[in-house]
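Written below as structure tokens is the structure these notes are about.
In our numbering, the protein residues as written are 38 to 192.
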């Protein structure tokens with residue numbers, strides 16, 4: 038709750054961007070970051086900056102090429118996002134921050150109530166891909182479309 042007493046706790050003047058991790062958030066997420074691989078070069082990138090880059094892209098929904106220059110390169114941030122999503126690290130960090138937030142709000146770790154709107158119920162009743170967001174579905178090419186583009190390309 039935003040009261041005068043706890044407003045300094047949510048002060049975000051220190052980080053560069055609103056999506057950057059605070060020191061407390063970083064302390065919760067840091068144990069979940071896997072160590073660098075053995076036998077290779079030393080890790081040259083600051084993992085906290087990479088995580089801040091991932092959070093920047095996810096919170097602003099910007100294009101990868103629009104990633105600010107003071108964050109690591111977009112190829113590095115994108116590579117870490119893919120690897121950490123694949124191995125479950127991002128989910129572990131999310132869960133740790135979620136539980137800490139629920140504890141801080143003096144609530145149980147898992148919510149006991151849920152709100153469902155009429156639209157999600159209607160789309161779930163159909164049981165088809167309408168309940169899946171179209172951006173999350175794999176793209177399909179029809180045979181006609183590929184034949185047309187093939188003929189245009191070589192014409």
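Note that beta-carbon positions come from the ideal geometry of N, C-alpha and C, so glycine has one too.
Predicted model only: the values in this text are computed from it and were never measured.
Same chain only: Cβ atoms within 8 angstroms of residue 99, ignoring 5 sequence neighbours per side:
Here the question's residue 99 lines up with position 62 in the chain shown. Excluding sequence neighbours, residue 99 sits near 93.
Please determine if the region 133 to 140 and the region 55 to 74 are in contact, where contact requires at least 3 C-beta pairs separated by less than 8 angstroms.
yes
Candidates 154, 75, 101 and 128, of which the one nearest residue 66 by Cα
On the chain shown, residue 66 is found 29 positions in, with the first residue counted as 1. Looking at the Cα atoms, 128 is the closest of the given residues.
Is residue 78 helix, strand or coil by DSSP?
The residue labelled residue 78 in the question sits at position 41 within the chain shown. Three-state result, residue 78: coil.
Presumed contact (8 angstroms Cβ cut-off) between residue 71 and residue 86, rounded CB distance
In the chain shown, residue 71 corresponds to position 34, counting from 1. In the chain shown, residue 86 corresponds to position 49, counting from 1. The pair is not a contact, with the Cβ atoms about 17 angstroms apart (cut-off 8 angstroms).
According to DSSP, simplified to helix, strand and coil, what is residue 153?
Within the chain shown, residue 153 is the residue found at index 116, counting from 1. Correct three-state label for residue 153: coil.
Taking only runs of the beta strand (DSSP E) that begin and end inside the region 83 to 164, which ones reach a length of at least 3 residues, in chain order?
none
In this structure, does DSSP put residue 43 in helix, strand or coil?
Start at 1 with the first residue of the chain shown, and residue 43 comes out as number 6. DSSP places residue 43 in coil when its eight states are reduced to three.
What is the DSSP secondary structure of residue 61, counted as helix, strand or coil?
Against the chain shown, residue 61 aligns to sequence position 24. The answer is helix: DSSP assigns residue 61 an H, G or I state.
By a C-beta neighbour count over all protein chains shown, 10 Å radius and 16 as the cutoff for buried, is residue 88 buried or exposed?
Position 51 of the chain shown, counted from the first residue, corresponds to residue 88. So residue 88 ends up on the buried side.
What three-state label does DSSP hand residue 68 in the structure shown?
By one-based count along the chain shown, residue 68 stands at place 31. Looking at residue 68 - three-state DSSP - the assignment turns out to be helix.
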